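Structure record follows, encoded as structure tokens.
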Amino acid sequence: MSGFLKILRAGPLVTIQDMGRIGNLRYGIAASGPMVRSAFRAAGAMLERAGEAGIEFTPTGIEFSVDTTTSAGFCGGDFKLIVNGKPALWNAAYALAPGDRISIAPGNWGNYGYVRFEHELDVPPLLGSRSTNSTVGLGGFDGRPLLAGDRIPFGAPGSPSPPKGDILTEPQSLPIRVIWGLHADLFPTAMRRAFLEATFRVSKRLDRMGVRLDGGDFFREARILSLVSDAVVPGDIQILGDGTPIVLMRDHQPTGGYPRIATVISADMDRFAQLRPGTPVKFEPVTLAHALAAEGGNR
Amino acid sequence: MDAPLPLPMLMPLGDRAFLIRFGTSLSEAANRAAITFARRLDLRTPEGVEEIDPNLVSVLVRYDPARVVPEKLAGELRLLLSGTDDAQSSTPRQHRIEVHFGGEDGPDLDSVAQVLNLTPAEFVAAHNASVLRVLTTGFAPGFVYCGFHPEALHLPRRAEIHTRVPPGSVLFAAGQTAITATPIPTGWHVIGRTDFANFVPDRDPPTRLREGDEISFVRAGS
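The listed protein sequences derive, respectively, from chains A and B. Residues are numbered in this note's numbering as their position in the first sequence, beginning at 1, plus a constant of 2. Residues are numbered in this note's numbering as their position in the second sequence, beginning at 1, plus a constant of 10.
In structure tokens form, the structure reads like this:
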């Protein structure tokens with residue numbers, strides 16, 4: 003196939019993602035992949051065939067056109083979809099014809115939305131994945147977020163019967179379940195209790211690497227120093243030197259030297275990723291068994 | 011001499027990984043134990059394991075909970091921990107890495123030497139005197155930590171961060187020498203630069219150096 007998709011407008015941090023570049027932490031590379039995996043899957047599941055790679059966008063949206071015949075599935079937070087100037091249903095799939103123009107504008111909730119296509123996005127796979135890790139400049143489209151003027155070629159039709167995903171309704175902010183973390187035992191008991199009693203707020207400082215939370219001032223006295231750097235997984239909650247908790251997300255640094263009090267469970271990562279700045283967040287500890295039972299279809 | 015190692019600790023890191031930790035501070039013995047265990051896992055990877063990632067004193071094992079029950083995997087990891095086979099007995103791979111020390115390539119060389127009461131030439135000689143081991147990779151693509159230098163060469167990180175050092179930067183702090191492979195910010199002292207590129211993303215594996223390899227640093231052109 004020789005067609006392409008042309009980006010007409012792109013907000014910040016619009017990237018190409020697939021399910022991620024797993025297995026490369028030992029080379030210093032986090033897996034990346036969609037911030038909201040269930041929505042990414044759902045966008046593909048709306049299509050009869052779906053390419054593995056799709057586009058992740060942020061609340062300011064995206065505008066693009068195609069010069070070929072394909073289908074597109076849209077899912078994620080709340081967005082306003084406009085197809086050729088006419089409002090269209092969000093969380094739905096559409097057949098696209100040459101010259102069709104898609105515009106996506108912000109809605110009422112959520113940080114991430116997805117569009118996936120019947121055809122593969124033909125960017126070169128790198129270490130087994132087309133995901134962009136823009137922090138280190140790897141993968142996707144030249145290792146960077148998409149910009150107006152970019153032309154992304156379409157490749158072959160994708161696989162039939164893409165895996166199912168869940169369409170998330172407006173996320174309940176409270177609570178986010180966690181498993182106690184690598185360094186939980188180094189925090190004084192009172193501080194661990196304060197962590198569970200506190201209501202944090204999602205700060206404006208969030209991106210694909212991490213989400214900083216406001217309201218962690220009581221951690222300032224933690225004084226947990228000279229930790230050996232250790233592997234990080236998505237969901238790890240690091241406490242920075244000034245007491246700021248940061249929840250590490252898909253483009254996390256592969257290792258970290260700050261103390262980690264807890265790890266957000268996989269089942270709650272998508273919901274957490276969609277919380278906008280200002281949203282209150284509480285944490286609730288659960289067992290590993292509970293976390294696995296909660297994950298259900300969210301794998 | 012290092013104190014005897016505590017028993018390795020196996021702990022969940024979230025709901026898709028275990029961390030097996032061989033110490034809570036960086037030591038030769040803990041680092042060697044982590045590397046040996048990672049090799050053993052590479053050779054006999056249990057069902058359901060998606061990723062094995064050796065760190066300075068630990069090994070991360072990521073698994074797919076749809077393919078293995080975590081309790082079962084934990085049991086298998088404990089069995090492997092108590093194994094006595096010798097995955098470590100193979101001869102380490104050896105590399106000679108040429109470094110352009112000082113000047114524009116190593117803007118902190120002079121200050122490092124001064125703090126250690128050495129001339130820059132004496133520092134370079136002392137730095138290159140011992141064969142180092144790759145302790146781990148990670149932090150950034152292709153970034154490697156090499157250790158350990160003798161106590162006399164230990165000095166802390168810089169107070170100020172270099173906002174961006176180029177790939178191939180040779181860094182020095184905390185008894186170690188590190189090599190960058192991508193542009194990164196760093197609080198380490200930049201003592202030189204090497205043409206050795208440890209990270210080539212379209213190669214598999216993408217890095218040339220591996221934990222446990224032995225490194226001889228030499229002055230470029232010598």
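No residue lacks a Cβ here, since even glycine has one placed at the ideal position from N, Cα and C. The structure presented is a predicted model; accordingly, all values stated were derived computationally and were not measured.
Counted within 10 angstroms of its Cβ, other Cβ atoms place B/Arg49 as buried (16 or more) or exposed: buried
Neighbourhood of A/Leu15 by C-beta, 7 Å cutoff - its chain only, sequence neighbours within 5 removed: Thr60, Pro147, Asp209 and Arg210
Neighbourhood of A/Arg278 by C-beta, 8 Å cutoff - its chain only, sequence neighbours within 5 removed: Pro61, Trp111, Gly112, Asn113 and Val204
DSSP state of B/Met19 mapped onto helix, strand, coil: strand
Residue-level contact to chain A via CB, B/Asp118, 8 Å cutoff: no
Boundaries (first-last residue) of the alpha helix (DSSP H) holding A/Val180: Counting along the chain, A/Val180 falls outside any alpha helix (DSSP H), though it belongs to the beta strand (DSSP E) covering Ile178 to Trp182.
Interface flag, B/Glu86 vs chain A, CB-CB below 8 Å: no
DSSP state of B/Ile45 mapped onto helix, strand, coil: helix
Chain-ordered neighbours of B/Arg26 on chain A, where CB pairs are closer than 8 Å: Val235 and Ser268
Beta strand (DSSP E) runs wholly inside the segment 4-89 of chain A, at least 3 long, in chain order: 6-12, 17-19, 56-59, 64-68, 72-78 and 81-85
Residue of B/His137, B/Ala136, B/Asp120 and B/Ala139 minimising C-alpha distance to B/Pro130: B/Asp120
Coil, strand or helix - B/Ser140 by DSSP: coil
Cutoff 8 Å: B/Leu66 Cβ touching any chain A Cβ: yes
Start-end ranges of the alpha helix (DSSP H) lying completely within the segment 77-137 of chain B, minimum 4 residues: 80-91 and 119-125
Backbone secondary structure at A/Ala186 - three-state DSSP: helix
When B/Ser179, B/Leu142 and B/Pro195 are compared against B/Pro102, the one with the closest alpha-carbon: B/Leu142
Proximity test, Cβ basis, 8 Å: A/Pro247 and chain B: no
Beta-carbon proximity check, A/Leu83 vs A/Ala90, cutoff 8 Å: yes
Integer Cβ distance of A/Glu50 from A/Pro162, believed to fall under 8 Å: 6 Å
Near-chain D residues of the segment 170-182 of chain A (beta-carbon distance less than 8 Å), N- to C-terminal order: You won't find chain D in this structure, because its protein chains are A and B.
Bridge partners - A/His254, DSSP secondary structure assignment: Answer is none; A/His254 lacks a bridge partner.
Among A/Gly217, A/Ala264 and A/Ser4, the one whose alpha carbon lies nearest that of A/Val68: A/Ser4
Rounded Cβ spacing between B/Arg72 and B/Ala27 (contact assumed at less than 8 Å): 5 Å
Nearest-angstrom beta carbon gap, B/Val109 and B/Ala230 [assumed within contact, 8 Å]: 6 Å
Boundaries of the beta strand (DSSP E) in which B/His199 is found, first to last residue: His199 to Arg203
For B/Glu61: DSSP bridge partner residues: B/Arg72
A/Asp238, enclosing beta strand (DSSP E) - first and last residue: Asp238 to Ile241
Short Cβ contact (8 Å threshold) for A/Gly56 with A/Phe143: no
Buried versus exposed call for A/His1 [16 or more other C-beta atoms within 10 Å across all chains shown]: Lying outside 3 to 301, the shown extent of chain A, residue 1 of chain A is not represented and no answer is given.
Sheet register partners of B/Ile30 (DSSP bridge): B/Leu20 and B/Val69
Closer than 8 Å to chain A by CB, B/Asp63: yes
Secondary structure, alpha helix (DSSP H): runs of 4+ residues fully inside the segment 273-298 of chain A: 290-297
Residue burial classification, A/Ile178 (beta-carbon count within 10 angstroms, cutoff 16): buried
Residue interval of the alpha helix (DSSP H) (run including A/Arg222): Element bounds for A/Arg222: n/a, residue is neither H nor E.
Distance CB(A/Leu242)-CB(B/Leu29) smaller than 8 Å: no
Where the beta strand (DSSP E) containing A/Ala264 begins and where it ends: Arg262 to Val266
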